[in-house]
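These notes are about the structure you will find just below.
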Amino acid sequence: MKNNENKLSDSFSRQNTTLKKRRRWSESLIQGSLFLAGFFSILTTAGIIFTLGKEALLFFQKPEVKLFEFLTGTAWQPHINQFGILPLATSTLLTTAVAMLIAIPLGLTVAVFLSEYASRKVRNFLKPILEVLAGIPTIVYGYFALTFITPLLREIFGKDVVNIYNTGSAGLVMGILILPLIASISEDALAAVPRSLREAGYGLGATKFEVVFKIVLPAALSGISAAIILGISRAIGETMIVAVAAGAGPNLTLNPFKGAETMTGHIVRISGGDLSYDSIDYDSIFALGLVLFLSTLLLNIISQWIVKRFREVYE
Amino acid sequence: MLQNDVILETHDLKIYYGDFKAVTDVNIQIPQKRITSIIGPSGCGKSTLLRAFNRMNELVPSSHIEGEIIFDGKNLYDRDVDPVQVRYRIGMVFQRPNPFPKSIYENVAWAARIHGYKGSLDELVETTLIKAALWDEVKDILKQSALSLSGGQQQRLCVARALAIQPEVILMDEPASALDPIATLKIEELMQSLKENYTIVIVTHNMQQAARASDYTAMMMLVEGTRSGTVIEFDETNKVFTRPGDKRTEDYVTGRFG
């Protein structure tokens with residue numbers, strides 16, 4: 166027995182063990198590379214903000230441009246130096262609103278179905294399909310809008326009512342694009358509601374419908390709101406679909422059947438043309454980019470605030 | 002025990018999860034307006050048996066039962082019985098306090114509202130909270146979130162929530178196991194005051210709790226050589242604890258088990 170014990174302790178090279186601090190190189194290496202990876206993403210963000218800010222500043226410093234007119238002007242006509250963001254912003258809001266009209270109700274329905282009603286088999290079948298929907302290149306969605314949805318709308322509402330390029334069609338297809346995003350984040354939020362709350366509901370003689378809609382949904386509200394806000398910021402920033410299907414040329418209208426260029430669509434068109442680098446047109450797209458960046462940033466901050474503010478509700 | 006004092010009665014009850022038989026051959030009669038405790042080692046099917054009384058096991062899709070549970074002259078598992086109605090009349094309090102993330106008031110009023118309660122909700126909330134011995138502590142903060150209460154208060158709120166729809170039986174699944182001794186004592190006092198009007202069935206790990214708080218005791222244990230639990234002894238509590246009829250019960254309640 167005694168021998169055995171000696172043998173075991175000999176197997177550790179413990180004779181010279183001191184309490185002195187040691188350097189562990191592999192730990193430092195891993196820590197360092199993780200830090201670098203994080204650092205690069207922050208560096209990229211900072212670089213984007215810097216470029217956007219610098220070029221936008223150049224734009225606002227031009228004598229032709231006034232910030233007040235930029236924010237309230239109703240015409241965007243760079244060739245005669247009119248830079249009013251409203252026509253572009255309105256159509257961005259219009260396509261976003263149409264998209265959310267599709268994505269929120271459908272996305273939530275899908276989320277509730279997947280999380281509460283679908284059997285495991287059905288869920289395992291449907292979720293990958295939903296993810297494929299999110300993985301289709303947006304240019305494909307754009308041409309789907311232009312060559313399928315638009316003719317359909319023109320068939321239903323009449324060719325005089327619906328223009329070939331229109332914000333409604335782009336918005337509808339954008340809604341389909343964003344649906345999986347909202348569905349998937351909302352489903353996570355629903356699935357995170359503890360089983361004990363559902364049991365409490367059933368234990369009180371509640372039906373499945375009452376448990377799902379009066380206990381689980383309210384308890385998951387913070388996650389669902391965050392999903393919706395992320396969806397909105399995705400819609401605001403979406404580019405290819407609107408560039409292809411929503412129309413070229415700023416147009417101040419709230420009619421979803423008319424063509425109107427969004428902020429992103431305008432940036433694509435202008436930067437695709439042959440602009441000289443120091444023209445005012447060129448600088449103007451950076452101002453638009455800055456507005457886009459700030460609005461999605463604001464929405465992200467709001468969504469984080471909502472999640473944090475209501476997170477502990479059921480813990 | 003007189004036959005008309007019995008509120009729940011099992012006949013050759015077997016409970017399965019898929020192919021696994023968790024509980025086998027249970028034949029007991031739960032007396033009305035008494036506290037019945039179910040005791041026994043971990044994993045012998047106490048909670049499973051308890052959850053069979055209000056068909057909560059059905060939330061696990063693979064579960065099914067054989068045999069009968071008679072309640073109010075009717076087999077709870079007959080084809081024409083609605084589990085929602087069963088749970089309306091046989092309420093439940095869970096192991097960990099699980100109040101809804103809503104206000105204290107709303108927790109009590111919620112079930113009454115979904116069952117179409119016609120009277121004054123304010124009155125109902127007040128009388129129910131008084132019954133649950135919680136009113137004095139919460140009467141000024143009814144609009145606050147139930148999650149701001151302490152664990153013990155939350156559990157009494159869960160009892161109140163169950164009482165609000167006036168069930169006939171209240172099932173309690175180790176209701177004090179997550180609470181400190183003082184909060185535990187309050188739950189036990191509450192149980193004593195409730196048994197005038199309600200039948201209580203409680204699963205507990207705590208021998209002293211079963212001994213001091215319950216009128217009847219069901220002792221459960223695994224059937225030798227299997228993984229299925231069954232009730233090996235069912236009698237008045239003081240008999241089970243002082244003159245047990247089964248050697249295994251004696252070993253268990255005196256702590257000489259295993």
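Chains W and X, in that order, give the protein sequences. Its first residue numbered 166, the first sequence is counted upward by one per residue in our numbering. Its first residue numbered 2, the second sequence is counted upward by one per residue in our numbering. Where is the CB? At the ideal position from N, CA and C, for every residue including glycine.
Original post:
Taking the beta strand (DSSP E) that P302 (chain W) falls in, what are its first and last residues?
Top reply: Start at 1 with the first residue of the first sequence, and residue 302 (chain W) comes out as number 137. Counting along the chain, P302 (chain W) falls outside any beta strand (DSSP E), and DSSP gives it neither H nor E.
Original post:
Name the chain X residues that come within less than 8 Å of S361 (chain W), Cβ to Cβ?
Top reply: Taking the first sequence and counting its residues from 1, one reaches residue 361 (chain W) at position 196. Taking a Cβ-Cβ cut-off of 8 Å, the neighbours of S361 (chain W) in chain X comprise F95, R97, N99, given in sequence order.
Subject >> Residue-chain proximity (I471 (chain W), chain X), Cβ-Cβ < 8 Å >> reply: Walking along the first sequence from the start, residue 471 (chain W) turns up at place 306. No, because no Cβ of chain X sits closer than 8 Å to the Cβ of I471 (chain W).
Original post:
Name the chain W residues whose beta carbon is nearer than 8 Å to that of M57 (chain X)?
Top reply: By 1-based counting over the second sequence, the position of residue 57 (chain X) is 56. Under the 8 Å cutoff, chain W gives E364, Y367, G368.
Original post:
Is the shortest distance between the beta-carbon of H1 (chain X) and the beta-carbons of chain W less than 8 Å?
Top reply: Given a span of 2 to 259 for chain X in the structure shown, any question on residue 1 (chain X) remains unanswerable.
**OP:** Express the C-alpha separation of Q155 (chain X) and A53 (chain X) in angstroms, rounding to a whole number.
**Re:** Counting from one through the second sequence, the residue named residue 53 (chain X) turns up at place 52. Counting from one through the second sequence, the residue named residue 155 (chain X) turns up at place 154. Each residue's CA atom was taken as its position, placing A53 (chain X) and Q155 (chain X) some 25 Å apart.
**OP:** Compute the beta-carbon to beta-carbon distance between A276 (chain W) and E352 (chain W), rounded to the nearest angstrom, for a pair I have assumed lies under 8 Å.
**Re:** The residue you call residue 276 (chain W) lines up with position 111 of the first sequence. The residue you call residue 352 (chain W) lines up with position 187 of the first sequence. Cβ-Cβ separation between A276 (chain W) and E352 (chain W): approximately 4 Å, consistent with a contact (criterion under 8 Å).
Original post:
Given that a residue counts as buried once 16 or more other Cβ atoms are within 10 Å of its Cβ, and exposed if not, what is H431 (chain W)?
Top reply: The residue given as residue 431 (chain W) occupies position 266 in the first sequence. By the Cβ neighbour-count rule, H431 (chain W) is buried, with 16 or more other Cβ atoms within 10 Å of its own.
Subject >> Own chain residues within Cβ distance below 8 Å of A357 (chain W), not counting five before or after >> reply: For the purposes of this step, residue 357 (chain W) is identified with residue 192 of the first sequence, where counting begins at 1. Excluding positions up to five away in sequence, the list reads A385, G388.
**OP:** Assign R187 (chain W) to buried or exposed, taking buried as 16 or more other Cβ atoms, counted over all protein chains shown, within 10 Å of its Cβ.
**Re:** Residue numbering aside, residue 187 (chain W) sits at position 22 when the first sequence is read from its first letter. Exposed, because fewer than 16 other Cβ atoms sit within 10 Å of the Cβ of R187 (chain W).
Original post:
With DSSP run on the structure shown, which of helix, strand or coil describes G482 (chain W)?
Top reply: A query on residue 482 (chain W) cannot be resolved here, the shown segment of chain W reaching from 166 to 480 and no further.
Original post:
Could you give the uninterrupted runs of the beta strand (DSSP E) lying entirely in the segment 360-427 of chain W, keeping only those of 3 residues or more?
Top reply: Scanning the segment 360-427 of chain W for uninterrupted beta strand (DSSP E) segments of 3 residues or longer gives nothing; none is fully contained.
**OP:** Closer than 7 Å, Cβ to Cβ, to anything on chain X: give me those residues from the segment 407-422 of chain W, in chain order.
**Re:** Those residues of the segment 407-422 of chain W that come within reach of chain X (Cβ to Cβ, closer than 7 Å) do not exist; the list is empty.
**OP:** Just mark G370 (chain W) as buried or exposed, buried being the case when its beta carbon has 16 or more other beta carbons within 10 Å.
**Re:** Residue 370 (chain W) sits at position 205 when you count from the first residue of the first sequence. The C-beta of G370 (chain W) has 16 or more other C-beta atoms within 10 Å across all chains shown, which makes the residue buried.
Original post:
Which same chain residues, not among the five before or five after R399 (chain W), have their C-beta less than 7 Å away from its C-beta?
Top reply: Within the first sequence, the letter at position 234 stands for residue 399 (chain W). I343, L346, listed in sequence order.
Original post:
How about A335 (chain W) and A254 (chain W): do their beta carbons lie closer than 8 Å?
Top reply: Position 170 of the first sequence holds residue 335 (chain W). Position 89 of the first sequence holds residue 254 (chain W). Contact: no.
Original post:
Is it true that the CB of I183 (chain X) sits closer than 8 Å to the CB of M192 (chain X)?
Top reply: Your numbering for residue 192 (chain X) matches position 191 in the second sequence. Your numbering for residue 183 (chain X) matches position 182 in the second sequence. No, they are not a contact pair.
Subject >> Interface flag, G120 (chain X) vs chain W, CB-CB below 8 Å >> reply: Mapped onto the second sequence, residue 120 (chain X) falls at position 119. False, the Cβ-Cβ gap to chain W never drops below 8 Å.
Subject >> Option nearest M428 (chain W) by Cα separation, candidates W:L457, W:G437, W:L417 >> reply: Here residue 428 (chain W) corresponds to residue number 263 of the first sequence, with the count starting at 1. Scanning W:L457, W:G437, W:L417 for the CA closest to the CA of M428 (chain W) turns up W:L457.
Original post:
Which runs of the alpha helix (DSSP H) spanning at least 4 residues fall entirely within the segment 6-82 of chain X, listed in chain order?
Top reply: List check, alpha helix (DSSP H) in window: 47-53.
Subject >> Listed by chain order, chain W residues near R162 (chain X) by CB distance under 8 Å >> reply: Taking the first residue of the second sequence as 1, we reach residue 162 (chain X) at position 161. Close partners of R162 (chain X) in chain W (Cβ separation under 8 Å): A365, L369.
Subject >> alpha helix (DSSP H) segment containing I188 (chain X), residue limits >> reply: To locate residue 188 (chain X), count along the second sequence from 1; it is residue 187. 182-195 is the extent of the alpha helix (DSSP H) around I188 (chain X).
Subject >> R360 (chain W) burial status per 10 Å Cβ neighbour count (16 or more: buried) >> reply: For the purposes of this step, residue 360 (chain W) is identified with residue 195 of the first sequence, where counting begins at 1. Flag for R360 (chain W) reads exposed.
**OP:** Please report the residue range of the alpha helix (DSSP H) in which I138 (chain W) lies.
**Re:** Only positions 166 to 480 of chain W appear in the structure, and residue 138 (chain W) is not among them; the question remains open.
**OP:** Just grab the DSSP bridge partners of Y217 (chain X) for me.
**Re:** In the second sequence, the residue the question calls residue 217 (chain X) occupies position 216. Y217 (chain X) is bridged by DSSP to X:T37, X:E237.
**OP:** In angstroms with no decimal places, state the Cα-to-Cα distance between L440 (chain W) and L419 (chain W).
**Re:** In the first sequence, the residue the question calls residue 440 (chain W) occupies position 275. In the first sequence, the residue the question calls residue 419 (chain W) occupies position 254. Each residue's Cα considered, the two are about 30 Å apart.
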